[in-house]
Amino acid sequence: MKTLTHLRVMAVLFIASTLSLTGCSSDDDSPVNNSNTSLLYNKWWYDTNNYVADIYFDENGDYHQKINMFGYEITGDGEWTWQDEDAGIIKLNNLSGTGQVVSSVWFKVSDLTAHTVSIKQSTDGTSYTDTVYFADTDTE
């Protein structure tokens, strides 16, 4: 029973860390700022502040996320596509996994380099969170 309670708490924290940041922010940010969007693919991106889930964009369209909480790894999977590559808008679909409460999410990618990327998230495709900064190496 204690394990079930811990899993429920972790699921709530996972949801809060990845989806509750949907406060409004400016939507006129610069787009990807890099013509080579393939820099985003086939590697884990780690939140530099260790707050949200680590993310992975497979070049074949698969999406993965994971976060470690209280000694447990919580994972999620789905599919991604560029909704508007020039504007840096990615749509995630068919999201599933522990703690996943929505099936679709939008990311706004900016400032993409070989080793860093900035991402905002939206649950409605219009209002985005504050920027989360990711690097392709774990900063812990």
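Numbering (our numbering), first residue to last: 1434 to 1573.
Glycine residues also receive a C-beta, built at the ideal position from the N, C-alpha and C atoms.
Checklist entry - Should phenylalanine 1503 go down as buried or exposed, given a rule of 16 or more other Cβ atoms within 10 Å for buried? => result Along the sequence shown, one-based indexing puts residue 1503 at 70. So phenylalanine 1503 ends up on the exposed side.
Checklist entry - Which stretch, first to last residue, makes up the beta strand (DSSP E) that contains glutamate 1506? => result Reading the sequence shown from its first residue, position 73 is the one you call residue 1506. Unbroken beta strand (DSSP E) run through glutamate 1506: 1505–1517.
Checklist entry - From aspartate 1517 to threonine 1508, what distance separates their C-alpha atoms? => result Numbered from 1 along the sequence shown, position 84 holds the residue referred to as residue 1517. Numbered from 1 along the sequence shown, position 75 holds the residue referred to as residue 1508. Straight-line Cα distance between these residues: approximately 26 angstroms.
Next on the checklist: Is it buried or exposed, serine 1551, if we count other Cβ atoms within 10 angstroms and call 16 or more buried?
Outcome noted: For the purposes of this step, residue 1551 is taken as the residue at position 118 of the sequence shown. Label assigned to serine 1551: buried.
Checklist entry - Is DSSP giving threonine 1549 helix, strand or coil here? => result As a first step, residue 1549 is located in the sequence shown; it is residue number 116 there, counting from the start. Of the three classes helix, strand and coil, the one that applies to threonine 1549 here is strand, per DSSP.
Next on the checklist: When you compare the CB positions of valine 1535 and tyrosine 1484, do they come within less than 9 angstroms of one another, or not?
Outcome noted: To locate residue 1535, count along the sequence shown from 1; it is residue 102. To locate residue 1484, count along the sequence shown from 1; it is residue 51. No, the Cβ-Cβ distance between valine 1535 and tyrosine 1484 is not below 9 angstroms.
Item to check | asparagine 1501 - partner residues in DSSP beta bridges | outcome: Against the sequence shown, residue 1501 aligns to sequence position 68. Glu1506, per the DSSP bridge assignment.
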